[in-house]
Every structure is written in C-alpha cells, then in structure tokens.
Amino acid sequence: MKTTATYNYAFWNTMRGKHDRPSDMSEGGNSSGYVVPSEFNEKYLKTLEKENVFRRLATTIDSSTNEGTINVITSIGSAQWLKEMTAIPESADGFKQISANSYKLAAISKIKNSFVGDNNFNIEAYLENEFSRRFGRAEEDAFINGTGIDAPTGILHATGGGEVSVTTEEGVDLSYDDVIKLYFSLKPEHRRNAVWLMNDETAFYLRTLKDANGNYLYNSVDDTILGKPVYYSNYMPSIETGKSPIAFGDFSFYWIIQRQPLTISRLTELYAVNYETGFLGFERLDGKLIVPEAVKLIRMA
227 MKTTATYNYA FWNTMRGKHD RPSDMSEGGN SSGYVVPSEF NEKYLKTLEK
277 ENVFRRLATT IDSSTNEGTI NVITSIGSAQ WLKEMTAIPE SADGFKQISA
327 NSYKLAAISK IKNSFVGDNN FNIEAYLENE FSRRFGRAEE DAFINGTGID
377 APTGILHATG GGEVSVTTEE GVDLSYDDVI KLYFSLKPEH RRNAVWLMND
427 ETAFYLRTLK DANGNYLYNS VDDTILGKPV YYSNYMPSIE TGKSPIAFGD
477 FSFYWIIQRQ PLTISRLTEL YAVNYETGFL GFERLDGKLI VPEAVKLIRM
527 A
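For the sequence shown, this note's numbering assigns the number 227 to the initial residue and increments by one for each residue that follows.
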C-alpha cells in the first residue's frame with residue numbers, strides 16, 4: 227500500500243492538513259504517525275547518503291522486528307581444487323549471532339502555516355532535506371562515537387568498535403611510519419575494499435607528511451593514501467592524547483539495522499500559537515561493527 231499512488235497522494239494531503247479517506251492511510255499508519263511513501267523514502271535515503279558517510283560505506287539491513295538477534299557471517303571458507311570422485315571438504319564459514327536493538331532517533335521540523343497550505347510550496351523536498359540533514363548528522367556521530375546505550379555502538383567504542391593496532395610513542399607526533407603500520411595491520415582480505423576515515427584537521431596534518439625521499443604520504447590529486455580513498459567526518463576526533471584520530475578498514479562490516487523507516491506525524495496544536503505546524507519525524511535503528519578486525523585504529527599515547 228505504501229508504494230501505491232493512492233497512499234502517496236493521501237499521505238501528502240494528510241501532511242498539509244487536508245482530510246482524506248482514513249482507509250487510504252491505514253496500511254502505513256500507527257499510533258506514532260505514518261510511514262513515508264516508498265517513492266519519498268528512496269529520495270530521502272539518497273539525500274541521507276550525502277549527509278552521512280556511513281550510509282555510503284556501511285551495509286544496511288532491513289528488519290521488521292523491534293529487537294532480537296541477527297545471524298552474521300564472521301569468516302568465509304575457500305574453494306579447493308579436487309581430483310575426480312574426491313569428497314568435497316566442508317566449508318570453513320563462521321557464524322555468530324549479534325543482539326540488535328531498536329534505538330529511536332527523532333526530530334521536529336516546524337513550518338509556517340502559510341507555507342503548509344500553499345500548493346506551490348514543495349513540502350516534500352523541504353521535509354526530505356530537513357530530516358536527511360538532521361538524521362544524517364546524528365547517525366554519523368553515533369556510528370563513530372555511539373556508546374550502545376540509547377544509541378548505536380560506534381567504531382571507536384572500547385569493546386564494540388574497531389581494533390587498536392597502532393599506538394604512537396608518548397610525546398611523539400603522529401608519523402609517516404605510524405600510518406604505514408596501520409595500513410599493514412589490516413588483513414589483506416579486509417584491505418582490498420578498505421578506506422581511511424578521519425576529520426579535516428587530521429587530513430590536513432597528513433598532507434604534510436613525507437617519506438625520506440620527500441614524497442608526500444597523501445595523494446592530493448585523487449584524495450588517497452597508499453592508494454586507498456580518504457573519507458572525512460568531523461565527528462572523528464582530532465590528534466589528541468588518548469584519542470583515535472584515524473580509522474582504516476572495510477566499513478561494509480559495519481551494519482546499520484533499520485528497524486523502522488522514516489515515519490512522520492503532523493503536530494497541529496503544539497505550535498498553533500505561532501501559526502506553525504510541526505512535523506515529528508523518527509526512525510528506529512541500530513548499528514554495530516560485526517567484525518571488529520575489519521576496522522583498525524591508531525591510538526595517540
């Protein structure tokens with residue numbers, strides 16, 4: 227029903243405060259609001275990718291249950307050449323179960339009533355941009371720094387995040403050799419699709435590092451280090467004592483478990499005194515690094 231033109235039409239009429247047939251909204255409605263139409267959700271997710279680097283790099287799993295466990299593959303077996311009539315050995319695939327929660331992320335966007343009632347005002351585009359900006363930034367912060375308490379577990383979490391493979395010497399600046407060590411600390415199978423993640427300040431510092439022959443570590447032509455792409459997030463910490471300013475790995479092993487897609491509720495009375503209408507948007511999701519060794523970290527002493 228949420229994919230039909232009928233639901234899409236009824237949804238946006240409801241958002242504008244125009245009465246429509248309740249039966250047209252029953253499939254996507256609940257006590258908290260209405261799930262956005264599929265067409266809108268597709269555009270919203272594409273915009274969300276621009277705001278949140280993890281929406282581009284991580285793996286998203288859709289799950290309709292609120293809580294429970296998810297089966298994940300932790301290791302993959304290999305193929306073997308065999309003689310004819312030889313028994314085929316069992317796969318060495320490894321599996322484990324991880325618990326996944328249903329954390330709620332919410333925001334309220336207010337619009338003047340004069341705009342809400344104006345058919346020339348593109349309320350779809352406005353809410354798409356507003357919620358993708360707010361949710362994208364909050365998600366990215368949690369996927370990096372989240373504690374697993376009322377929010378997803380981030381890659382920098384002490385026990386649920388990536389592995390610290392390089393610790394700098396105390397009183398010594400981050401060096402060219404430290405970055406090389408981090409690169410080779412990652413297993414080749416994870417290095418194949420690996421990328422770097424850091425904030426702007428760290429990237430600026432790495433652009434100044436040179437080897438003994440004066441060659442820069444950072445290739446500013448294509449934004450790569452040792453041939454691997456560099457991604458930026460200002461939610462990554464700077465180069466400070468006790469912090470992990472650089473992550474390197476295959477971020478597809480970070481799973482975003484989408485429990486409930488974007489749902490919007492129209493708030494008509496709360497902001498009426500200001501001639502405004504509120505739009506409460508929320509989603510339910512979790513995030514976990516399912517293979518910790520797939521992402522390596524540098525720790526500043």
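Every residue gets a Cβ at the ideal spot worked out from N, C-alpha and C, and that includes glycine.
**Request:** Determine contact between the stretch 259-268 and the stretch 468-478, defined as no fewer than three beta-carbon pairs at a distance below 8 Å.
**Result:** Touching, no.
**Message:** Quick check on DSSP: helix, strand or coil for Phe361?
**Reply:** Within the sequence shown, residue 361 is the residue found at index 135, counting from 1. Three-state DSSP puts Phe361 in a helix.
**Message:** Under DSSP, the alpha helix (DSSP H) around Glu307 begins and ends at which residues?
**Reply:** Position 81 of the sequence shown holds residue 307. The sequence given here has Trp at residue 307, not Glu. Run containing Trp307: none; DSSP gives neither H nor E here.
**Request:** Measure the C-alpha to C-alpha separation of Pro378 and Ala438 and round it to an integer number of angstroms.
**Result:** If you number the sequence shown from 1, residue 378 lands on position 152. If you number the sequence shown from 1, residue 438 lands on position 212. Spanning the two alpha carbons is a distance of roughly 42 Å.
**Request:** Note down, one range per segment and in chain order, each alpha helix (DSSP H) of at least 4 residues found wholly within the stretch 318-381.
**Result:** For secondary structure counted as the alpha helix (DSSP H) over 4 or more consecutive residues, the stretch 318-381 holds these complete runs in sequence order: 339-342, 349-371.
**Prompt:** Quick one: what's got a C-beta closer than 6 Å to Phe341's C-beta in the same chain, skipping five residues either side?
**Reply:** As a first step, residue 341 must be located in the sequence shown, where it is residue number 115. Same-chain partners within the cutoff: Phe347.
**Request:** Return yes when the Cβ of Lys269 is within less than 8 Å of the Cβ of Glu354, no when it is not.
**Result:** Locating residue 354 in the sequence shown gives position 128, where the first residue counts as 1. Locating residue 269 in the sequence shown gives position 43, where the first residue counts as 1. It is a contact, given that the beta carbons lie within the stated cut-off.
**Request:** For Phe357, collect the residues of the same chain with a Cβ closer than 6 Å to its Cβ; drop the 5 residues on either side in sequence, then sort them by chain order.
**Result:** Translated into the one-based positions of the sequence shown, residue 357 becomes position 131. Answer for Phe357: Gly507, listed in chain order.
**Asked** The alpha helix (DSSP H) with Ile406 in it runs from where to where?
**Response** If you number the sequence shown from 1, residue 406 lands on position 180. For Ile406, the enclosing alpha helix (DSSP H) has its first and last residue at 402-411.
**Message:** Can you tell me whether Val499 is buried or exposed? The criterion is at least 16 other CB atoms within 10 Å of its CB, across all chains shown.
**Reply:** Residue mapping note: residue 499 aligns to position 273 of the sequence shown, counting from 1. Val499 should be labelled exposed.
**Request:** Can you check DSSP and say which residues form a bridge with Trp422?
**Result:** Within the sequence shown, numbered from 1, the residue matching residue 422 stands at position 196. Paired residues: Val456, Phe474.
**Asked** Within this structure, are the beta carbons of Gly380 and Gly387 separated by less than 8 Å?
**Response** If you number the sequence shown from 1, residue 380 lands on position 154. If you number the sequence shown from 1, residue 387 lands on position 161. In contact: Gly380 and Gly387 (Cβ atoms closer than 8 Å).
**Item:** Run of the beta strand (DSSP E) containing Lys514, from where it starts to where it stops
**Value:** In the sequence shown, the residue the question calls residue 514 occupies position 288. Looking at the DSSP string, the run of the beta strand (DSSP E) that includes Lys514 is 502-515.
**Request:** With a threshold of 16 other CB atoms inside 10 Å of the CB of Asn234, please say whether the residue is buried or exposed.
**Result:** Counting from 1 along the sequence shown, the entry for residue 234 is found at position 8. Its Cβ being crowded by 16 or more others within 10 Å, Asn234 is buried.
**Ser491 - partner residues in DSSP beta bridges** = Within the sequence shown, the letter at position 265 stands for residue 491. Per DSSP, Leu506.
**Request:** Mind the definition here: the stretch 438-454 touches the stretch 484-491 only if three or more C-beta pairs lie below 8 Å; say whether that holds.
**Result:** no
**Request:** Quick one: grab the DSSP three-state call for Ser391.
**Result:** Position 165 of the sequence shown, counting from 1, holds the residue named residue 391. Looking at Ser391 - three-state DSSP - the assignment turns out to be strand.
**Asked** Going by alpha carbons, who is nearest to Asn327 out of Asp403, Glu519, Ile375?
**Response** To locate residue 327, count along the sequence shown from 1; it is residue 101. Closest option to Asn327, Cα to Cα, is Ile375.
**Request:** To the nearest angstrom, report how far apart Ser470 and Pro315 are at their CA atoms.
**Result:** Along the sequence shown, read from residue 1 onward, the residue named residue 470 stands at position 244. Along the sequence shown, read from residue 1 onward, the residue named residue 315 stands at position 89. Using only the alpha carbons, I get a separation of about 42 Å.
**Prompt:** With C-beta atoms as the reference, is Lys175 less than 8 Å away from Ser391?
**Reply:** Beyond the ends of the chain as shown, which are 227 and 527, falls residue 175; an answer cannot be given.
**Prompt:** Is there contact here, the stretch 414-427 with the stretch 457-470, by at least three beta-carbon pairs under 8 Å?
**Reply:** yes
**Item:** Integer Cβ distance of Ile337 from Thr503, believed to fall under 8 Å
**Value:** Residue mapping note: residue 337 aligns to position 111 of the sequence shown, counting from 1. Residue mapping note: residue 503 aligns to position 277 of the sequence shown, counting from 1. Between Ile337 and Thr503, the beta carbon gap of about 6 Å places them in contact (Cβ cut-off 8 Å).
**Prompt:** Which term fits Ile299, buried or exposed, when burial requires 16 or more other beta carbons within 10 angstroms of its beta carbon?
**Reply:** Residue 299 sits at position 73 when you count from the first residue of the sequence shown. By the neighbour-count rule (16 or more Cβ atoms within 10 Å), Ile299 is not buried but exposed.
**Prompt:** With distances taken from CA atoms, which of Ala520, Arg433, Ile370, Thr393 is nearest Pro414?
**Reply:** Locating residue 414 in the sequence shown gives position 188, counting from the first residue. Minimum Cα distance to Pro414 is reached at Ala520.
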